[in-house]
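Per the numbering used here, the very first residue in the sequence shown carries number 4; after that it's consecutive.
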Amino acid sequence: MIVLNKIFRFCAAHKYYSPALSEQENLRAFGDDLRLHGHNYTLVVSVSGPVNPDTGFLVDLQALVQVVQEHIINKLDHSCIHEDLDWFRDRQPSTENLVQWIWQELEPRMPACKLVKLRLEETPTIYTEFDGSL
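This is how it looks when you write it as structure tokens:
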């Protein structure tokens, strides 16, 4: 199987807080991340499919970029995730939840290829990968 990876970048802010937890429990669970803070995210979109014998390409990269730009980057870049995206109104804006949201937005829109994995880097030392299965 051939897998093509395309990298995208966006900046977004978030904070963590659970109304189900006491102030002390929130502080223990989230620490400084209770405050609004931002990240320079790196998103790696991995797709697979047959290679077109005429072009030698697995996917039309312009079409892939357009889908990701329109449905992900334009919504996330310079956003406050938990305030600007309704899906996060009752969910933590963690990378674990964010990759699931990205998957559900991208998977049905893939241009003649199959989405096989997402990798979302929040910091140089923390990233989450998702292959669509739960």
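Think of the CB as a built atom: it goes at the ideal place given N, C-alpha and C, for glycine as much as any other residue.
F13 classed as buried or exposed, judged by whether at least 16 other C-beta atoms fall within 10 angstroms: Here residue 13 refers to the residue found at position 10 of the sequence shown. F13 is buried by the Cβ-count criterion.
Measuring CA to CA, which of I129, E73, E99 and L24 is closest to F11? The count along the sequence shown starts at 1 and reaches residue 11 at position 8. That would be E73, whose Cα lies nearest to the Cα of F11.
Whole-angstrom distance between E110 and A32, CA atom to CA atom: Within the sequence shown, residue 32 is the residue found at index 29, counting from 1. Within the sequence shown, residue 110 is the residue found at index 107, counting from 1. Taking the straight line joining both Cα atoms gives about 32 Å.
Reduced DSSP category for L137 - H, G, I as helix; E, B as strand; rest coil: Locating residue 137 in the sequence shown gives position 134, counting from the first residue. In the displayed model, L137 falls within coil according to three-state DSSP, outside both helix and strand.
DSSP state of A5 mapped onto helix, strand, coil: To locate residue 5, count along the sequence shown from 1; it is residue 2. At residue 5 the sequence reads Ile, which differs from the Ala that was named. The answer is coil: DSSP assigns I5 none of H, G, I, E or B.
Tell me which residues share the same chain as L39 and place their Cβ nearer than 6 Å to its Cβ, disregarding the 5 neighbours each side in the sequence. As a first step, residue 39 must be located in the sequence shown, where it is residue number 36. Within the same chain, A16 and K18 come within 6 Å of L39 by CB-CB distance, once the 5 residues on both sides are set aside.
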